[in-house]
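Working notes, structure below.
Numbering (our numbering), first residue to last: 71 to 333.
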């Protein structure tokens with residue numbers, strides 16, 4: 071796996087998506103987007119996985135954006151850009167619509183496409199060295215509507231406009247202040263521990279309840295006329311009909327931790 075620029079692996083009940091292009095600060099190319107769709111598809115079919123952590127190798131970057139050295143071969147004109155957009159969109163949407171919680175573990179640069187990857191995750195944590203930015207205006211490329219919308223939902227439209235108009239980079243402290251990240255750790259080791267506590271908490275809780283919460287969040291992001299309340303109601307009923315609900319009640323009465331199975 072280590073020789074692949076993007077790979078996935080499972081650690082207990084946690085799935086890991088790892089960007090592994092450290093020589094280019096984990097910049098992303100088309101083959102990596104295609105690989106991510108497959109990895110997430112496999113994780114979605116694995117009932118043992120409770121959440122997914124997205125990270126980058128090398129200690130300097132989460133994802134630094136698109137691989138600019140590939141622009142001539144992958145994005146040289148409008149036609150090539152359409153193809154690139156379609157493939158990269160599949161990757162982003164596979165992450166955004168993944169049915170279980172997703173966590174961005176950001177250690178270093180989170181730039182351009184890296185920002186959109188982080189925005190597609192449910193939770194985001196970083197180290198103090200992390201830097202955030204959208205340099206589209208410095209490259210003359212178009213930053214798509216969905217990317218702007220998702221960033222705006224997290225930090226607010228005025229702050230998103232500042233990201234896009236100035237193309238400046240923001241510190242981890244600024245990212246925390248604007249609500250872009252949920253927590254900042256001083257070191258990589260502390261970041262691992264911080265994310266580990268979150269994944270442990272998720273792993274101990276009822277999967278069906280968490281799935282309903284995530285599905286609800288995705289419906290909330292849609293226009294009201296497109297929201298599928300009936301689907302959410304069915305998911306809520308399934309929670310109450312589940313063995314996990316019985317286990318939760320028994321564990322509460324017996325003053326012990328519940329052991330949930332997702333059914």
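Don't be surprised by glycine CBs; every beta carbon is placed ideally from N, CA and C.
Rounded Cβ spacing between residue i and residue j (contact assumed at less than 8 Å)
{"i": "residue 166", "j": "residue 100", "result": "Residue 166 to residue 100, Cβ: 19 Å. No contact."}
{"i": "residue 237", "j": "residue 210", "result": "Not quite, the Cβ-Cβ distance comes to about 11 Å (not below 8 Å), so this is no contact."}
{"i": "residue 136", "j": "residue 98", "result": "6 Å"}
{"i": "residue 318", "j": "residue 117", "result": "Going by Cβ atoms, the distance from residue 318 to residue 117 rounds to 19 Å, so no, they are not a contact pair."}
Close-in-space but distant-in-sequence residues of the same chain around residue i (CB under 8 Å, 5 per side omitted)
{"i": "residue 169", "result": "114, 281, 284, 285"}
{"i": "residue 119", "result": "80, 83, 84, 85, 113, 170"}
{"i": "residue 164", "result": "106, 107, 110, 111"}
{"i": "residue 299", "result": "289"}
Reduced DSSP secondary structure (H/G/I, E/B, other) of residue i
{"i": "residue 81", "result": "strand"}
{"i": "residue 162", "result": "helix"}
{"i": "residue 172", "result": "strand"}
{"i": "residue 125", "result": "strand"}
{"i": "residue 95", "result": "coil"}
{"i": "residue 297", "result": "coil"}
{"i": "residue 136", "result": "strand"}
{"i": "residue 180", "result": "strand"}
{"i": "residue 239", "result": "strand"}
{"i": "residue 76", "result": "strand"}
{"i": "residue 330", "result": "coil"}
{"i": "residue 88", "result": "strand"}
{"i": "residue 152", "result": "helix"}
{"i": "residue 120", "result": "coil"}
{"i": "residue 271", "result": "helix"}
{"i": "residue 213", "result": "coil"}
{"i": "residue 255", "result": "strand"}
{"i": "residue 203", "result": "strand"}
{"i": "residue 190", "result": "helix"}
{"i": "residue 276", "result": "coil"}
{"i": "residue 131", "result": "strand"}
Of the listed residues the options, nearest to residue i (C-alpha basis)
{"i": "residue 223", "options": "291, 300, 241", "result": "291"}
{"i": "residue 273", "options": "123, 73, 214", "result": "123"}
{"i": "residue 301", "options": "288, 229, 133", "result": "288"}
{"i": "residue 225", "options": "318, 188, 208", "result": "188"}
{"i": "residue 133", "options": "208, 306, 78, 89", "result": "89"}
{"i": "residue 268", "options": "121, 296, 128", "result": "121"}
{"i": "residue 219", "options": "208, 234, 297", "result": "234"}
{"i": "residue 173", "options": "325, 293, 270, 213", "result": "270"}
{"i": "residue 214", "options": "311, 159, 78", "result": "159"}
{"i": "residue 199", "options": "257, 295, 73", "result": "257"}
{"i": "residue 193", "options": "129, 254, 312, 93", "result": "254"}
{"i": "residue 152", "options": "212, 259, 325, 91", "result": "212"}
{"i": "residue 16", "options": "142, 77, 150", "result": "Residue numbering for the chain in the displayed model covers 71 to 333; residue 16 lies beyond these limits and cannot be assessed."}
Close Cβ partners of residue i (< 6 Å) along its chain, the five nearest in sequence each way excluded
{"i": "residue 131", "result": "95, 96, 178, 179"}
{"i": "residue 245", "result": "202, 251"}
{"i": "residue 240", "result": "202"}
{"i": "residue 140", "result": "99"}
{"i": "residue 276", "result": "314, 330"}
{"i": "residue 395", "result": "Residue 395 lies beyond the range of the chain shown here (71 to 333); nothing can be said about it."}
{"i": "residue 221", "result": "189, 230"}
{"i": "residue 207", "result": "237"}
{"i": "residue 92", "result": "127, 128"}
Chain-order list of residues whose beta-carbon lies under 7 Å from that of residue i (same chain, five-residue window excluded)
{"i": "residue 308", "result": "278"}
{"i": "residue 321", "result": "327, 328"}
Distance CB(residue i)-CB(residue j) smaller than 7 Å
{"i": "residue 106", "j": "residue 195", "result": "no"}
{"i": "residue 217", "j": "residue 248", "result": "no"}
{"i": "residue 175", "j": "residue 242", "result": "no"}
{"i": "residue 261", "j": "residue 197", "result": "yes"}
{"i": "residue 182", "j": "residue 205", "result": "yes"}
{"i": "residue 157", "j": "residue 103", "result": "yes"}
{"i": "residue 190", "j": "residue 162", "result": "yes"}
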